[in-house]
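Contents: one structure, followed by commentary.
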Amino acid sequence: MAGNKGCSDLERQLAAVADMWLKMPVGEEEAAEAARYYREEVFPLTCRLFVERERKKMAGKQIYGLILTVGTSPEPLILSLLACQPQKALFLYTEDTERYLDDIINYVQLSPSRWDKRLVQKSDPRTIYQVVKEIWEQWGRRSDIAVDITGGTKSMTGGLALVGAFLGFELLYVDNERYLKEQRRPYPGTECLKVLPNPYTVFGALKEKNALELLRRQEFHGAGQILTELVEKVPDPRRFQYLLALARAYEAWDGLNLKEACDQLGRAAAIAEKLHWGEATDETIFLREQQKRVGHLAELLPAKPRESTLPLLQDREAVETLVFTLYHNARRRAAQGKWDAASFFLYRLLEIMEQRRLALYGIDTARPDYSLLPGEGLLDKFNAVRQQIKFPRLEELPSPIALTDGYFLLEAL
Numbered sequence: 114m115a116g117n118k119g120c121s122d123l124e125r126q127l128a129a130v131a132d133m134w135l136k137m138p139v140g141e142e143e144a145a146e147a148a149r150y151y152r153e154e155v156f157p158l159t160c161r162l163f164v165e166r167e168r169k170k171m172a173g174k175q176i177y178g179l180i181l182t183v184g185t186s187p188e189p190l191i192l193s194l195l196a197c198q199p200q201k202a203l204f205l206y207t208e209d210t211e212r213y214l215d216d217i218i219n220y221v222q223l224s225p226s227r228w229d230k231r232l233v234q235k236s237d238p239r240t241i242y243q244v245v246k247e248i249w250e251q252w253g254r255r256s257d258i259a260v261d262i263t264g265g266t267k268s269m270t271g272g273l274a275l276v277g278a279f280l281g282f283e284l285l286y287v288d289n290e291r292y293l294k295e296q297r298r299p300y301p302g303t304e305c306l307k308v309l310p311n312p313y314t315v316f317g318a319l320k321e322k323n324a325l326e327l328l329r330r331q332e333f334h335g336a337g338q339i340l341t342e343l344v345e346k347v348p349d350p351r352r353f354q355y356l357l358a359l360a361r362a363y364e365a366w367d368g369l370n371l372k373e374a375c376d377q378l379g380r381a382a383a384i385a386e387k388l389h390w391g392e393a394t395d396e397t398i399f400l401r402e403q404q405k406r407v408g409h410l411a412e413l414l415p416a417k418p419r420e421s422t423l424p425l426l427q428d429r430e431a432v433e434t435l436v437f438t439l440y441h442n443a444r445r446r447a448a449q450g451k452w453d454a455a456s457f458f459l460y461r462l463l464e465i466m467e468q469r470r471l472a473l474y475g476i477d478t479a480r481p482d483y484s485l486l487p488g489e490g491l492l493d494k495f496n497a498v499r500q501q502i503k504f505p506r507l508e509e510l511p512s513p514i515a516l517t518d519g520y521f522l523l524e525a526l
């Protein structure tokens, strides 16, 4: 506490009363007097020093709710409550520890509206899971919640830590730098508040690696499942929200659900822009370009089954996007060993290329108007091309125009 005169004075006061307390006899007859002295002289100064030091750790973390497991030592819980200053507190107690609740509540001066309690089984963490889930729902599924795992049995603290980590709560416990075995208390002034890293932050890195590998292999659905789990569990989900939007965008694009792909690309770009403080990067520029192209293609796709595709086929940018969409779909299916699907997309690609060329003449292959085509004797030229590869003559130009006939017609033109 160098440079902080008030805190330095406080440390000296605490050291003096702690020294007096440690010199007191510890026999059975004197134990009550030592306990009284600790409670009235030592612990109040310990609280003041603890709050002075540890509240800084929570300065940027406004804790709405604090959930605590109650053991046989109320002091650590008092310290935690004083440092965190939650609006709500929930005490998880057993039949053996209920009697300590009054000491905690009276010392911290919690009003009745600010605290609640639940009886749990000290050897069955499932009761803790259920209680915490219920109170989380009651508190509005908030994220500004912390759990203190200092008190209670190992089963209780383990259960609270697990459910707290799963729901993304802050994990806290009151530690100390020096423990007095004879007095069975920390040395006054060595208490400290530990903020534990959420284990899902570590596990999230491993799962992220798996998700990125699936994205690299273009297995978008599997990547999306992992990323959905990470978004719900890690403390800071923004990067995973971005990757999830990408996975959903490319899964939708892969399934030719272009409207959904456009929406998710826009979401991914917006998240990326926030992560880069609104600055445009190569990544966000690329995503916005993809969003624009996919959105443009989606707008030109026929909304009804018999609606003409001419507006789409006459739009070069839309056709480019569609061609590359079909081509990469075919490559993905081939890489997955789905040869029938790959062949289908390549067939559709040949159709699009033929239909695009005819659309430039104003011809809709579904309902062709041959009066739009230049020159005379088109039927004879068309049949001449067919007969070169031993196809029979036709009495009239085809309607609708199939794939091979479309290429015959283009050759005739």
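With the working numbering, the residue at position 122 of the sequence shown is 235, and numbering never jumps. Each residue gets a CB set at the ideal place from its N, CA and C atoms; glycine is no exception. The structure presented is a predicted model; accordingly, all values stated were derived computationally and were not measured.
Per-residue DSSP class, three states only, for Trp-228: As a working mapping, residue 228 is identified with position 115 in the sequence shown. Reduced to three states, the DSSP call for Trp-228 is strand.
Test item: CB-CB of Leu-275 and Arg-231 under 8 Å: Counting from one through the sequence shown, the residue named residue 275 turns up at place 162. Counting from one through the sequence shown, the residue named residue 231 turns up at place 118. Not a contact, by the Cβ cut-off of 8 Å.
Whole-number beta carbon distance between Ala-259 and Ile-176, since they are thought to touch under 8 Å: Here the question's residue 176 lines up with position 63 in the sequence shown. Here the question's residue 259 lines up with position 146 in the sequence shown. The Cβ separation is near 5 Å, so the contact holds.
Stretch-stretch touch, CB-based, cutoff 8 Å, three pairs: the segment 203-223 with the segment 283-295: no
Contact set for Lys-235: own chain, Cβ-Cβ below 8 Å, skip 5 residues either direction: Working through the sequence shown from its first residue, we reach residue 235 at position 122. Thr-207, Asp-209, Gly-265, Thr-266, Ser-268 and Met-269.
Cut-off 7 Å between Cβ atoms - residues of its own chain near Glu-304, not counting five sequence neighbours on either side: Numbered from 1 along the sequence shown, position 191 holds the residue referred to as residue 304. The answer, listed in chain order, is Thr-159, Phe-163, Leu-192, Val-287 and Asn-289.
Chain-order list of residues whose beta-carbon lies under 7 Å from that of Gly-119 (same chain, five-residue window excluded): For the purposes of this step, residue 119 is taken as the residue at position 6 of the sequence shown. Because the pLDDT at Gly-119 is just 48, under 50, the model does not fix this residue reliably, and the value given afterwards should be weighed accordingly. Same-chain partners within the cutoff: there are none.
Other residues of its chain near Gln-468: CB distance less than 8 Å, five sequence neighbours each side excluded: Looking up residue 468 in the sequence shown gives position 355. So the list reads Thr-422, Leu-426, Thr-478 and Gly-519, once near-sequence residues are dropped.
Tyr-242: first and last residue of the uninterrupted alpha helix (DSSP H) it sits in: As a working note, residue 242 is residue 129 in the sequence shown. Taken as a continuous stretch (DSSP letters only), the alpha helix (DSSP H) holding Tyr-242 covers 238-251.
C-alpha gap between Leu-325 and Ala-336, whole angstroms: Here residue 325 is taken as the residue at index 212 of the sequence shown, counted from 1. Here residue 336 is taken as the residue at index 223 of the sequence shown, counted from 1. For Leu-325 and Ala-336, the distance between alpha carbons rounds to 7 Å.
Residue from Ala-416, Asp-482, Asp-367 and Leu-356 with nearest C-alpha to Thr-397: Within the sequence shown, the letter at position 284 stands for residue 397. Of Ala-416, Asp-482, Asp-367 and Leu-356, the residue nearest in Cα terms is Leu-356.
Distance between Ile-476 and Asp-482 (C-alpha atoms, nearest Å): Against the sequence shown, residue 482 aligns to sequence position 369. Against the sequence shown, residue 476 aligns to sequence position 363. Each residue's Cα considered, the two are about 6 Å apart.
Rounded distance between the beta-carbons of Leu-439 and Arg-461, thought under 8 Å: Against the sequence shown, residue 461 aligns to sequence position 348. Against the sequence shown, residue 439 aligns to sequence position 326. Sure, about 5 Å apart at Cβ, within 8 Å.
Tyr-474 (DSSP reduced to helix, strand or coil): Position 361 of the sequence shown, counting from 1, holds the residue named residue 474. Coil, per DSSP.
Bounding residues of the alpha helix (DSSP H) (the contiguous stretch that carries Lys-405): Taking the sequence shown and counting its residues from 1, the one referred to as residue 405 is at position 292. Start and end: 395-413.
Every unbroken alpha helix (DSSP H) within the segment 180-206, with a cutoff of 4 residues, ordered by chain: 187-197
4-residue-minimum alpha helix (DSSP H) runs that sit fully inside the segment 281-343, ordered along the chain: 312-329
Sequence-distant residues of the same chain with beta carbon closer than 6 Å to Leu-273, five excluded per side: On the sequence shown, residue 273 is found 160 positions in, with the first residue counted as 1. Result list for Leu-273: Thr-182, Ile-241, Val-260 and Ile-262, in chain order.
Limits of the alpha helix (DSSP H) - the one that Val-276 falls within: Stepping through the sequence shown from its first residue, residue 276 is reached at position 163. Note, Val-276: alpha helix (DSSP H), 267-279.
Inter-residue Cα distance where the pair is Lys-451 and Leu-400: As a working mapping, residue 451 is identified with position 338 in the sequence shown. As a working mapping, residue 400 is identified with position 287 in the sequence shown. Taking the straight line joining both Cα atoms gives about 28 Å.
Phe-495 versus Leu-523, Leu-194, Val-432 and Phe-279, residue with shortest Cα-Cα distance: By 1-based counting over the sequence shown, the position of residue 495 is 382. Among Leu-523, Leu-194, Val-432 and Phe-279, the Cα nearest to that of Phe-495 is on Leu-523.
From Met-466, Ala-382, Leu-486 and Asp-237, residue whose alpha carbon lies closest to that of Ala-515: Looking up residue 515 in the sequence shown gives position 402. Checked all of Met-466, Ala-382, Leu-486 and Asp-237; the closest Cα to Ala-515 is Met-466.
N- and C-terminal bounds of the alpha helix (DSSP H) containing Val-615: In the structure displayed, the chain extends from 114 to 526; residue 615 sits before or after that span and is not available.
Cβ-based burial, Pro-189 [other Cβ within 10 Å; buried from 16]: Taking the first residue of the sequence shown as position 1, residue 189 is located at position 76. Buried: at least 16 other Cβ atoms inside 10 Å.
Option in Arg-380, Ser-226 and Gln-200 with minimal Cα separation from Leu-359: Reading the sequence shown from its first residue, position 246 is the one you call residue 359. That would be Arg-380, whose Cα lies nearest to the Cα of Leu-359.
Cα-Cα separation, Ser-256 to Ala-443: The residue labelled residue 256 in the question sits at position 143 within the sequence shown. The residue labelled residue 443 in the question sits at position 330 within the sequence shown. Taking the straight line joining both Cα atoms gives about 44 Å.
Range covered by the beta strand (DSSP E) that runs through Val-260: Walking along the sequence shown from the start, residue 260 turns up at place 147. Looking at the DSSP string, the run of the beta strand (DSSP E) that includes Val-260 is 258-261.
Gly-178 - DSSP class collapsed to helix/strand/coil: If you number the sequence shown from 1, residue 178 lands on position 65. Strand.
Continuous alpha helix (DSSP H) stretch holding Arg-351: start and end: Counted from its first residue, the sequence shown places residue 351 at position 238. Unbroken alpha helix (DSSP H) run through Arg-351: 351-367.
Three-state class that DSSP yields for Trp-390 in the structure shown: Stepping through the sequence shown from its first residue, residue 390 is reached at position 277. Looking at Trp-390 - three-state DSSP - the assignment turns out to be coil, as it is neither helix nor strand.
Residue of Tyr-213, Gly-184 and Gln-198 minimising C-alpha distance to Leu-223: Walking along the sequence shown from the start, residue 223 turns up at place 110. Checking every option, the nearest Cα to that of Leu-223 belongs to Gln-198.
Residue interval of the alpha helix (DSSP H) (run including Arg-426): The count along the sequence shown starts at 1 and reaches residue 426 at position 313. Note that residue 426 is Leu in the sequence shown here, rather than Arg. Looking at the DSSP string, the run of the alpha helix (DSSP H) that includes Leu-426 is 423-426.
Euclidean distance between Cα positions of Ala-497 and Glu-464: To locate residue 497, count along the sequence shown from 1; it is residue 384. To locate residue 464, count along the sequence shown from 1; it is residue 351. Rounded to whole angstroms, Ala-497 to Glu-464 spans 22 Å at the Cα level.
Ser-512 - DSSP class collapsed to helix/strand/coil: Indexing the sequence shown from 1 puts residue 512 at position 399. In the structure shown, Ser-512 sits in coil (DSSP, three-state: anything other than H, G, I, E or B).
Cβ-Cβ distance between Leu-410 and Leu-371 below 8 Å: As a first step, residue 410 is located in the sequence shown; it is residue number 297 there, counting from the start. As a first step, residue 371 is located in the sequence shown; it is residue number 258 there, counting from the start. A contact, by the Cβ cut-off of 8 Å.
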